[in-house]
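Engineer: 385 is the number of the first residue of the sequence shown in this note's numbering; add one for each residue after it.
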Amino acid sequence: MNFHAIKAIYKFELHRTWRTIMQSIASPVISTSLYFVVFGSAIGSRMVEIDGVSYGAFIIPGLVMLALLTESISNASFGIYFPKYNGTIYEILSAPISMREILLGYVGAATTKSVIVGSIILITANLFVDYHVAHPFWMVAFLVLTAATFSLFGFIIGIWADGFEKLQVVPMLIVTPLTFLGGSFYSISMLPPLWQSITLANPVVYLISAFRWSFYGVADVNVGVSVAMILLFMGLCLLGIAWIFRTGYRLKS
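#1: Quick one: Cα of Trp597 to Cα of Leu450, how far?
#2: For Thr472, count the other beta carbons within 10 Å of its own beta carbon; 16 or more makes it buried, fewer makes it exposed. Which is it?
#3: Thinking C-alpha only, which one of Tyr590, Met483 and Phe420 is nearest Phe539?
#4: Which residues mark the beginning and the end of the alpha helix (DSSP H) in which Gly440 is found?
#5: Helix, strand or coil for Lys582? Go by DSSP, reduced to three states.
#6: Determine, using beta-carbon pairs with one atom in the stretch 520 to 532 and one in the stretch 488 to 503, whether at least three such pairs fall under 8 Å.
#7: Drop a sphere of 10 angstroms on the beta-carbon of Asn470, count the other beta-carbons inside from all chains shown, and report buried for 16 or more, exposed for fewer.
#8: So, for Ile457: in the same chain, excluding its five sequence neighbours on each side, which residues have a beta-carbon less than 8 Å away from its beta-carbon?
#9: Let me check understanding here. Comparing Cα to Cα, which of Tyr600, Val605 and Pro576 lies closest to Val588?
#10: Below 8 Å on the Cβ atoms is my guess for Ser610 versus Ser593; work out the distance and round it to an integer in Å.
#11: Which of the three DSSP states, helix, strand or coil, is assigned to Ile481?
#12: By the DSSP assignment, the alpha helix (DSSP H) with Ile572 in it spans what residues?
#13: When the Cα of Leu615 is compared with those of Ala525, Phe629, Thr631 and Phe599, which residue comes out closest?
#14: Pair every Cβ in the stretch 561 to 573 with every Cβ in the stretch 389 to 405, then say whether three or more of these pairs are closer than 8 Å.
#15: So, are the CB atoms of Ile443 and Tyr419 less than 9 Å apart?
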């Protein structure tokens, strides 16, 4: 294992974050803070508790997941796409470094950046509403696991994309709507039975449910099922990346 190469890619990607700190960190934190103001303070003051949790506190896990999913995908996809765009991907592919090490460098950096953003949002949330974390270990575990899984997904998108506009298609048109419809701002138990069944087809439901359980001990879906769904999606992403590396699909285009 070439740890020097992994470290070089990892550090380069993290340094890019500090060079674009307004876009990488400040923007998602400010956007999420506005959600807290509108939904947590304005609307939350007029709503009753959900599952024994105040509405302002109830939406925190969903908002963190919204930022985490979009940032993980964006960070990883842009990280691998940019070398393809400016031609430096040939230098990486010709270097004495394996595909596994390339993956660890890019995905590791994207995961770290997303966890940092999620942590800052959690700290910022405390300025708007009081909340507690019932299971701190599992909260951190779900945070890191989700960031890593969707960074892998973003890596695939970055290889698939042949233009900057395609980098935004999945996060904006698929992931964000699924997050809004996945129980970010409500419990799916509040929906009619038919819509509850339909909502369970949304994979983001399981992510938000598990993350909310780590905060308040309440969940819309069994936690074991949620963990299984996350691991299943991670496995599919790893299989997709293995196929890309084996076939060289769009790595040089």
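The beta-carbon is built from N, C-alpha and C at its ideal position, and this holds for glycine as well.
Since this is a predicted model, take the numbers as computed values, not measurements.
Structural biologist: This is what the structure gives:
#1: Position 213 of the sequence shown holds residue 597. Position 66 of the sequence shown holds residue 450. Pairing Trp597 with Leu450, the inter-Cα distance amounts to about 16 Å.
#2: Translated into positions along the sequence shown, residue 472 becomes position 88. Its Cβ having fewer than 16 others within 10 Å, Thr472 is exposed.
#3: In the sequence shown, the residue the question calls residue 539 occupies position 155. The option with the nearest alpha carbon to Phe539 is Met483.
#4: Sequence index remark: in the sequence shown, residue 440 carries index 56 (1-based). First-last of the alpha helix (DSSP H) with Gly440: Tyr439 to Phe442.
#5: Taking the sequence shown and counting its residues from 1, one reaches residue 582 at position 198. The sequence shown places Ile at residue 582, rather than the Lys named in the question. Ile582: helix per DSSP, three-state reduction.
#6: Contact between the stretch 520 to 532 and the stretch 488 to 503 is present: three or more C-beta pairs spanning the two stretches fall below 8 Å.
#7: On the sequence shown, position 86 is the one that residue 470 refers to. With fewer than 16 other Cβ atoms within 10 Å, it is exposed.
#8: In the sequence shown, the residue the question calls residue 457 occupies position 73. Within its own chain, the residues whose Cβ lies closer than 8 Å to the Cβ of Ile457, once the five positions on either side in sequence are excluded, are Phe534, Ser535, Phe537, Gly538, Ile541, Val554, Pro555 and Val559, listed in chain order.
#9: Start at 1 with the first residue of the sequence shown, and residue 588 comes out as number 204. The candidate whose alpha carbon is nearest that of Val588 is Val605.
#10: Residue numbering aside, residue 610 sits at position 226 when the sequence shown is read from its first letter. Residue numbering aside, residue 593 sits at position 209 when the sequence shown is read from its first letter. Between Ser593 and Ser610 the Cβ distance is about 5 Å, and since that is below 8 Å, they are a contact.
#11: Here residue 481 refers to the residue found at position 97 of the sequence shown. If DSSP states are grouped into helix, strand and coil, Ile481 belongs with coil.
#12: Indexing the sequence shown from 1 puts residue 572 at position 188. Counting along the chain, Ile572 falls outside any alpha helix (DSSP H), and DSSP gives it neither H nor E.
#13: Counting from 1 along the sequence shown, the entry for residue 615 is found at position 231. Answer by Cα proximity: Ala525.
#14: Flag = no, the stretch 561 to 573 and the stretch 389 to 405 do not touch.
#15: Start at 1 with the first residue of the sequence shown, and residue 443 comes out as number 59. Start at 1 with the first residue of the sequence shown, and residue 419 comes out as number 35. Inclusion of Ile443 and Tyr419 in the CB contact set at 9 Å is warranted, their separation being smaller than that value.
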